[in-house]
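Going by numbering that gives the first Met the number 0, the sequence shown runs without a break in its numbering and finishes at 248. Report on the structure given below.
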Amino acid sequence: MTDAPTAFTKPAPVAASAVRHFRYYDLIMAAFVAILLLSNIIGASKPSYIVLPNGDQWAFGAGVLFFPISYIIGDVLTEVYGYARARRVIWTGFAALAFMAFMAWVVVSLPPAEGWPGQASYEFVFGNSWRIVLASMTAFCVGEFANSYVLARMKIWTGGRKLWARTIGSTVVGQGLDSLIFYPLAFYGLAGWPPEQLVQVVLSQWFIKTAWEAALTPATYAVVGTLKRREGVDVFDEGTDFNPFGAKV
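Shown next as structure tokens:
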């Protein structure tokens, strides 16, 4: 195919294994990995809060403001390109997280030059413990694969209809698992993270991430529709190997 489909061309439903080349797949992968890394570097370990009408403070993780965008991109990947290609992107993101953790460990461990005043701050921001690294990578893998699996299965069950139900439903499962795994595994028992605050953060993360998905549903529809028209296909995961460690597309 050399010419892009027109805006009114309905993409042809195809099996995931029937397509070997896409125009925009690499760009979507790059956006996914970039947002994933930035969310984990900048916002993952800082708790913030909002003031409730009764004056109480409700805590939430600051990274929740931007991290859900990676889940929306994950939904777009699975919906447009299928589970197998989304699986490849998830493992690419996992490898990027692993390298980021290794690089942070090396850089923080290097002795600072004499007179440089930033070592303590550097250690506080980038010196994540093995618990945070393990929690982040475990939660990412479980949450992303669950999200992609649920969305792909629901697409088959619904015959490609009700995209809003698929994206929100998969987010409820994926983001719920992500929050439930990450925060207790990373912060339970640490100073500044009492159990009641930990529960608040887990619940607020789950709610805010799902609310983000719902609020951005019109944008998801627009991106998915544009990519399907540009690519000229509508991938269904009929006969797809859903093993997270599988390699077959």
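For every residue, glycine included, the Cβ atom is placed at its ideal position computed from N, Cα and C. Computed from a predicted model, the values in this text were never measured in an experiment.
Would you report the Cα separation of residue i and residue j, rounded to the nearest angstrom?
i	j	result
residue 118	residue 132	20 Å
residue 3	residue 245	For residue 3, the predicted model reports a pLDDT of 45, less than 50, meaning its position is unreliable; a value from the coordinates is still stated below. Those two C-alpha atoms are separated by around 32 Å.
residue 163	residue 153	11 Å
residue 25	residue 239	21 Å
residue 108	residue 28	31 Å
residue 7	residue 224	Here residue 7 scores only 45 on pLDDT, less than 50, and its place in the model is too uncertain to base an answer on.
residue 206	residue 115	42 Å
residue 197	residue 184	10 Å
residue 201	residue 193	12 Å
residue 56	residue 226	42 Å
residue 52	residue 167	28 Å
residue 76	residue 54	41 Å
Going by DSSP in three states, residue i sits in which element: helix, strand or coil?
i	result
residue 48	strand
residue 236	coil
residue 112	coil
residue 156	helix
residue 59	strand
residue 39	helix
residue 24	helix
residue 161	coil
residue 231	coil
residue 146	helix
residue 191	coil
Sorted by chain position, which residues of the same chain lie with C-beta nearer than 7 Å to residue i's C-beta, five sequence neighbours on each side aside?
i	result
residue 171	209
residue 69	31, 34, 35, 38
residue 241	82, 148
residue 20	none
Taking residue i as the reference, which of the options has the closest Cα?
i	options	result
residue 67	219, 231, 158, 84	219
residue 74	120, 107, 41, 146	146
residue 93	116, 188, 130, 143	143
residue 104	112, 113, 41, 121	121
residue 71	215, 182, 199, 127	215
residue 47	63, 222, 175	63
residue 90	140, 167, 158, 57	140
residue 243	158, 86, 180, 212	86
Say the cut is 8 Å; is the CB of residue i nearer than that to a heavy atom of the ligand GDP?
i	result
residue 185	This structure lacks the ligand GDP, and indeed carries no ligand of any kind.
Going by beta carbon distance, what residues of the same chain come within less than 8 Å of residue i, once the five residues before and after it are set aside?
i	result
residue 136	93, 96, 97, 100
residue 155	235, 236, 237
residue 58	46, 47, 48, 196, 199, 200, 203
residue 180	134, 137, 138, 141, 142
Once you ignore the five residues that flank residue i on each side, which residues in its own chain have a CB closer than 6 Å to its CB?
i	result
residue 177	138, 142
residue 211	67
- Would you check if the region 144-163 and the region 188-200 touch, i.e. whether three or more CB-CB distances between them fall below 8 Å? no
- Task: Taking 8 Å as the threshold, find out whether the region 75-87 comes into contact with the region 234-244 through three or more Cβ pairs.
- Result: yes
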